[in-house]
């Protein structure tokens with residue numbers, strides 16, 4: 046694959062993945078869980094995200110290949126852990142794609158969400174198929190629109206005479222369990238920086254570019270999310286935010302800026318489109334890497350000779366997302382996705398622990414806090430998300446074991462070499 050993307054392109058892709066529909070939808074459920082401890086939950090989610098981003102950036106600089114933690118787990122921990130990371134990412138993020146597609150439909154045409162979702166997936170798959178530079182151009186436009194909308198929300202809410210700074214105080218309604226659950230839900234809104242790492246074969250000078258792009262994108266996102274969360278809390282308060290079905294629309298309405306409500310609706314739809322575009326981009330690259338190693342059908346490893354993209358993987362991902370968009374709901378998809386992504390980053394942090402100082406190892410606390418945070422937030426999610434996520438991970442492990450057993454039976458003396466399987470490391 047050709048290295049066409051610079052540092053600014055990588056930052057834009059990361060922003061497009063993170064500054065998406067999560068901030069438009071996640072504040073309400075998080076406030077219901079955390080109450081007045083919402084900002085504490087956001088801080089916890091940000092700490093875990095920072096550790097994950099740092100570990101991922103160091104690993105991506107050392108292993109500049111498509112696939113992200115699938116590659117890191119395979120190279121640093123062994124074939125099984127790489128497979129499990131890739132499985133968690135592809136399955137979890139495919140569910141997230143369905144959630145984003147349905148969010149586009151909910152904002153643009155309530156009542157016809159599924160039809161709009163299918164159309165959105167088909168259009169964005171075609172954009173990605175045309176080449177990664179086309180995707181970057183569209184992502185730039187989407188990020189510009191979403192940033193403008195979020196800035197308008199923050200200004201309208203923070204300058205309103207109806208705001209109350211006392212609503213930001215942490216009250217007695219806050220408990221640690223609720224804060225952790227909220228942090229797990231808010232992590233969904235941060236989990237986009239992996240898209241930068243999954244493009245390891247398409248950025249110029251990956252060791253320098255990825256290491257710079259990941260923290261820049263995460264820092265911009267954290268600052269903006271904090272500003273928007275403070276604005277929403279000061280206008281609606283924890284209780285009002287918890288009851289809001291469209292938190293940012295309700296915030297500008299409470300601030301007396303009713304004229305901004307349609308703008309926020311359009312911004313929510315555009316944000317979801319940006320997330321969906323970046324998700325399809327990242328999932329197809331991980332699918333490519335897994336197909337190369339025959340963890341997925343090898344036909345998906347093809348790269349288009351003209352556009353330089355994994356076109357079969359992109360078409361396959363698009364087809365699966367369309368199927369999910371017509372059969373699933375947003376809430377279930379988000380919880381399921383969060384568990385899978387946290388499992389993915391748990392393996393990334395464990396991989397980062399194995400780095401040596403010469404390989405650019407981060408401070409030892411970074412992967413420790415990242416791993417512990419991922420495990421804690423994953424099991425603090427709603428029970429249904431934990432159960433469904435754990436079942437899918439077990440299924441992934443079973444698939445790996447069956448595949449390895451078949452390979453060993455077919456070629457007892459050289460199964461890995463004869464079947465294209467990377468040796469255990």
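Numbering (our numbering), first residue to last: 46 to 470.
Just so it is clear, CB atoms sit at the ideal spot from N, CA and C, and this is done for glycine as well.
Fair warning: this is a prediction, and the values are worked out from it, not measured in the lab.
- At a Cβ-Cβ threshold of 8 angstroms, residue 432 and residue 144 do not count as neighbours.
- Between the alpha carbons of residue 286 and residue 278 lies a distance of about 7 angstroms.
- Around the beta carbon of residue 383, a 10 Å sphere encloses 16 or more other beta carbons of the protein chains shown; the residue is thus reported as buried.
- In this structure residue 350 is exposed. Its beta-carbon is surrounded by fewer than 16 other beta-carbon atoms within 10 angstroms.
- Counting along the chain, the unbroken alpha helix (DSSP H) around residue 126 starts and ends at 124-153.
- Taking C-alpha positions only, residue 191 is separated from residue 315 by approximately 7 angstroms.
- Around the C-beta of residue 110, 16 or more other C-beta atoms lie within 10 Å, and the residue is accordingly described as buried.
- In the same chain as residue 359, and ignoring 5 residues on each side of it, the C-beta atoms closer than 7 angstroms to its own belong to 170, 173, 174, 325, 329, in chain order.
- By the neighbour-count definition (other C-beta atoms within 10 Å, threshold 16), residue 365 is a buried residue.
- In the DSSP annotation of this structure, residue 301 is not part of any alpha helix (DSSP H), being labelled neither H nor E.
- Taking the CA atoms as reference points, residue 348 sits about 15 angstroms from residue 341.
- With three or more CB-CB distances shorter than 8 angstroms, the segment 229-239 counts as touching the segment 72-79.
- Assigned with DSSP and collapsed to three states, residue 248 falls in strand.
- As DSSP reads the structure, residue 50 sits in a beta bridge with 248.
- Looking at 346, 322, 320, the one whose alpha-carbon comes closest to that of residue 332 is 346.
- Counting only residues of its own chain and dropping the five nearest sequence neighbours on each side, residue 337 has a CB closer than 7 angstroms to the CB of 346.
- CA-CA distance, residue 344 to residue 353, rounds to 16 angstroms.
- For the 8 angstroms CB-CB criterion, residue 57 and residue 249 do not form a contact.
- Residue nearest to residue 339 within the set 443, 312, 452 is 452 (criterion: CA-CA distance).
- For residue 356, the enclosing alpha helix (DSSP H) stretches over residues 356-370.
- The DSSP-derived three-state label of residue 173 is helix.
- In the displayed model, residue 268 falls within a helix according to three-state DSSP.
- Take the alpha-carbon of residue 94 and the one of residue 411: they are about 11 angstroms apart.
- DSSP, reduced to helix, strand and coil, places residue 426 outside both helices and strands of the structure shown, so it counts as coil.
- Across the set 400, 436, 423, the C-alpha of 400 shows the shortest separation from the C-alpha of residue 122.
- Two segments are said to touch when three or more pairs of C-beta atoms, one from each, lie closer than 8 angstroms; by this definition the segment 145-156 does not touch the segment 422-437.
- In the DSSP assignment, residue 315 falls within the unbroken alpha helix (DSSP H) covering 306-337.
- Annotation: residue 263 to residue 273 spans about 15 angstroms, alpha carbon to alpha carbon.
- Cβ neighbours of residue 52 within its own chain (closer than 6 angstroms, five residues either side excluded): 254, 257, 258.
- Ranked by Cα distance from residue 403, the first of 106, 434, 91, 196 is 106.
- Residue 372 counts as exposed, since fewer than 16 other beta carbons sit within 10 angstroms of its beta carbon.
- For residue 292, the secondary structure class from DSSP, reduced to helix, strand or coil, is helix.
- When C-alpha distances from residue 91 are compared across 374, 141, 63, 146, the shortest belongs to 63.
- Take residue 423, set aside five residues on each side of it, and the residues of its chain with a beta-carbon closer than 8 angstroms to its own are 229, 383, 384, 387, 388, 391, 431, 434, in chain order.
- Taking residue 141 as reference, the option from 327, 413, 454, 217 with the minimal CA-CA separation is 327.
- A residue is called buried when at least 16 other Cβ atoms come within 10 angstroms of its Cβ; residue 204 does not meet this threshold and is exposed.
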